[in-house]
Every structure is written in structure tokens, then in C-alpha cells.
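What follows is a short report on a single structure.
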Amino acid sequence: MLPRASIVGGAVALAVFFAALGIVNGQNLPSVPPPPASVVQSPTQFRIGEKLTYTFSMDRFRNVAYAETHIVSRGLLNGRDALELRARYKTLDFVSASVMSLDEERIVFVDPATGLPLYVRSIDNSTVLPTESISDLIAAPLQHLDLATLIFRIRHAGGSGVFNIYEKGRVFAVAVQSNGVETVKTEAGVFETTVFSVQSDYFASHGLSDVRINLSNDADRLPVLARIRSARGNLLEAKLASVQLLVPDPPAPVITPVPTPVPIPTPTPLRTPEPYVDNEPLARDIAFVLGERLEYSVIAGARPAGRVVIQARERKQVNGVDSLLLTADVISHDATEQALR
Numbered sequence: 617m618l619p620r621a622s623i624v625g626g627a628v629a630l631a632v633f634f635a636a637l638g639i640v641n642g643q644n645l646p647s648v649p650p651p652p653a654s655v656v657q658s659p660t661q662f663r664i665g666e667k668l669t670y671t672f673s674m675d676r677f678r679n680v681a682y683a684e685t686h687i688v689s690r691g692l693l694n695g696r697d698a699l700e701l702r703a704r705y706k707t708l709d710f711v712s713a714s715v716m717s718l719d720e721e722r723i724v725f726v727d728p729a730t731g732l733p734l735y736v737r738s739i740d741n742s743t744v745l746p747t748e749s750i751s752d753l754i755a756a757p758l759q760h761l762d763l764a765t766l767i768f769r770i771r772h773a774g775g776s777g778v779f780n781i782y783e784k785g786r787v788f789a790v791a792v793q794s795n796g797v798e799t800v801k802t803e804a805g806v807f808e809t810t811v812f813s814v815q816s817d818y819f820a821s822h823g824l825s826d827v828r829i830n831l832s833n834d835a836d837r838l839p840v841l842a843r844i845r846s847a848r849g850n851l852l853e854a855k856l857a858s859v860q861l862l863v864p865d866p867p868a869p870v871i872t873p874v875p876t877p878v879p880i881p882t883p884t885p886l887r888t889p890e891p892y893v894d895n896e897p898l899a900r901d902i903a904f905v906l907g908e909r910l911e912y913s914v915i916a917g918a919r920p921a922g923r924v925v926i927q928a929r930e931r932k933q934v935n936g937v938d939s940l941l942l943t944a945d946v947i948s949h950d951a952t953e954q955a956l957r
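Using my numbering, the first residue of the sequence shown is number 617, and each one after it goes up by one.
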């Protein structure tokens with residue numbers, strides 16, 4: 617078993633190494649809201665939905681820690697275009713139990729165009745009560761990268777270059793240089809990679825050296841393998857264990873209430889009266905018919921005295937009322953006129 621001093625040195629290197637890999641994460645916080653459809657988003661080196669998982673080894677000890685990173689979403693933070701980056705890192709087994717317990721989550725919002733951090737929230741879960749620290753850089757953003765965003769700038773630049781980071785109140789230059797190619801086999805697959813050596817006074821101030829990172833040679837430029845050596849010579853390695861591209865859930869549609877239509881009553885159409893026609897036949901339940909004529913003879917003694925004529929003469933409308941004209945005529949003979957009165 618390694619001497620305790622070596623293990624402690626390796627654990628310190630592990631703590632710095634997590635940050636050097638750009639590991640960021642956060643609690644179960646709400647994602648930034650998506651921007652309106654009218655907002656045109658600028659190109660960015662961050663791949664939305666990318667989730668990377670790493671396993672760590674220290675010399676001959678395997679799985680001493682794990683880490684995962686996740687580029688969650690892109691939206692608006694206080695009206696500014698921002699990317700939400702999350703991850704978690706945690707030491708395991710004997711390192712966590714007897715040497716150093718690291719269990720941290722962090723959330724970082726970055727400017728998609730520059731990669732500079734805008735808001736950082738860290739949660740340390742290694743103690744009984746979690747502790748939290750917040751750096752709000754929205755009003756006065758940094759002009760330099762931090763360790764959490766450095767790796768994304770290196771990937772975007774294709775590896776080589778000189779970058780400035782701001783850590784512990786100081787600005788450090790970080791020089792990255794190509795140092796050959798290497799085929800790396802990990803749990804996530806076999807990758808053809810380019811090896812880049814990383815040099816900075818920041819690592820030297822922590823007693824760390826021989827910092828190397830392998831980026832895949834495809835368009836994604838994935839950090840496949842990273843190595844760092846402590847002041848006591850312990851070699852710490854982080855290998856890519858899985859790669860996922862999680863598509864963010866689309867924003868929930870805004871449901872606009874539709875008012876219930878109020879039925880408009882249809883007016884009852886007015887019945888157009890049929891035109892009145894004179895002398896229409898009478899109803900069948902009437903005992904006589906229109907035009908019927910009854911004639912009666914009147915006899916006085918043995919002599920005819922006259923006649924009585926009853927007639928259903930005509931049917932007409934009088935003052936808007938259907939009316940039937942009935943007539944009765946008395947016709948007398950001259951000799952009997954007095955008798956008929």
C-alpha cells in the first residue's frame with residue numbers, strides 16, 4: 617500500500633484535477649428559460665445536451681473517484697444569453713474514507729459566445745451540513761476564463777494555444793501544446809486522440825506536473841483521457857466512461873384559454889300569411905256548402921202566397937275576418953202580400 621503522504625498528495629492532486637477538467641454541476645435548480653423565438657442565438661463551442669462521465673484511478677488503485685459533466689440548456693439569465701453547465705465529482709473507497717472526502721456539485725452559467733462565466737454556485741456535500749458559495753458575475757463579468765470553462769475553450773481551439781485563467785485572485789497563463797497522437801481505449805470505446813501537454817504556474821503552485829490531456833480527433837474533440845502527477849510522483853488518470861447527448865425537453869406550450877362561444881339565438885321566422893282567396897270551399901264539418909240555395913213555398917189556405925229563399929251566397933274577408941254571407945229572401949204574390957207580413 618502507498619505511504620499515507622503519497623496518498624494525501626494524490627488526493628490533493630485529485631481535487632485540483634477535478635477543477636482542471638472543467639467539472640461543473642449544480643443542485644436541482646430550474647433551468648434558464650428558453651429565449652423568445654425572435655432572439656437569434658450566436659454560435660457557440662458548447663454542445664447542448666452533452667453529458668460526459670469519467671472514472672479516476674491513482675497509480676494501481678482503480679475507481680477512486682468519478683465525475684460527470686452536463687451541458688444542460690441554453691436560455692436567458694437576467695435577460696442575457698447564457699448556457700447552463702452542471703456536473704458532480706466525488707471520491708470513493710479508501711480515498712473518501714481515510715484520506716480526503718470530496719463530494720461537490722456546481723452550477724455555472726456561461727456566455728455562449730465567449731465561454732466566460734456569468735454565475736457560479738458550488739455546493740459542498742462532504743460535510744454533515746452542505747455548504748454553499750455563490751459568485752454572481754453578471755454585473756461585472758470576468759475578462760478571463762476559470763478552470764471550469766478552460767477545457768471548453770481548449771476543445772473549441774482544437775487544443776493548442778495560450779489561455780488566461782483567473783483563480784484565487786490571480787491571473788495565470790496556461791500553455792497548451794500538441795505532443796503526439798495516441799489510441800486510447802476506455803469504457804466509452806476506442807478513440808484516436810491527440811495528446812496535449814498543459815503547463816501553468818497554477819499547477820506548479822500546487823506541486824503538480826506532467827499535465828496531459830487527450831482530445832479525440834473527431835469533430836467533437838472529446839476529452840478522452842487526462843493525466844496529472846503529484847509532487848510525490850503519484851499518477852492520477854481520468855478516463856472517459858460514457859458519452860451521451862441528451863436532447864433537452866422542449867418548452868411546455870403556453871395554453872391560451874379559448875372562450876366558450878355563446879350561442880346566438882336564431883329568431884323564429886315570422887310566418888308570412890297566405891293571401892286570402894274569396895269563396896274558398898267551406899270546411900267539411902259544416903252541414904252545407906258555399907252557394908247552396910234553399911227555396912220554400914208559402915201557401916195561404918189553398919192558394920200560393922209566396923216563396924222564401926235561403927242561400928249561402930259568398931265567403932269573403934271583412935275587416936280582416938273570414939266571413940260567410942248568408943241571405944234570406946221573401947218573395948210574395950201581390951194578392952197575398954198582406955198575408956206574408
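Just so you know, even glycine gets a beta-carbon here, dropped at the ideal spot from N, CA and C.
Bear in mind that the values here come from a model prediction, so they are computed numbers and not experimental data.
Which class does residue i belong to by DSSP, given the choice of helix, strand or coil?
i	result
Leu668	strand
His760	coil
Ser948	strand
Val640	Note that Val640 has pLDDT 38, beneath the 50 cutoff, so the model's placement of it is unreliable and the number below is only indicative. Coil, per DSSP.
Asp719	strand
Ser776	coil
Asp817	helix
Ile770	helix
Leu941	strand
Thr809	strand
Thr765	helix
Ile750	strand
Glu896	coil
Leu645	Model confidence at Leu645 stands at a pLDDT of 34, short of 50, so the residue's coordinates are unreliable; what they give is reported in the following sentence. In the structure shown, Leu645 sits in coil (DSSP, three-state: anything other than H, G, I, E or B).
Leu886	coil
List the whole-angstrom C-beta distance separating residue i from residue j, where the pair is believed to meet the contact cut-off of C-beta under 8 Å.
i	j	result
Glu721	Asn741	7 Å
Ala804	Leu856	5 Å
Ile947	Gly922	5 Å
Pro728	Phe662	6 Å
Thr685	Ala703	4 Å
Taking the beta strand (DSSP E) that residue i falls in, what are its first and last residues?
i	result
Ala703	696-707
Leu841	839-845
Ile902	That residue, Ile902, is in no beta strand (DSSP E); it is neither H nor E in DSSP.
Gly796	786-802
Asp727	No beta strand (DSSP E) contains Asp727, which DSSP labels as neither H nor E.
Gly936	Taken as a continuous stretch (DSSP letters only), Gly936 belongs to no beta strand (DSSP E), as it is neither H nor E.
Leu831	825-832
Phe677	677-693
Val859	851-861
Ile739	733-740
Just to confirm the assignment, what range does the alpha helix (DSSP H) spanning residue i have?
i	result
Tyr892	Tyr892 -> no alpha helix (DSSP H), and no H or E assigned at all.
Got a sec: is the Cβ-Cβ distance from residue i to anything in chain B below 7 Å?
i	result
Ala698	Reference to chain B is not applicable here, since this structure consists of a single protein chain.
Just tell me which of the options has its CA closest to the CA of residue i.
i	options	result
Ser825	Ser832, His949, Gly849	Gly849
Leu763	Ala903, Arg931, Ser816, Ser948	Ser816
Val925	Tyr682, Asp938, Ser846, Glu911	Glu911
Asn795	Val874, Ile781, Phe812, Ser738	Phe812
Pro839	Pro873, Ile829, Arg696	Ile829
Gly777	Asp945, Gly785, Glu783, Ala789	Ala789
His949	Pro920, Gln927, Ser673, Tyr735	Pro920
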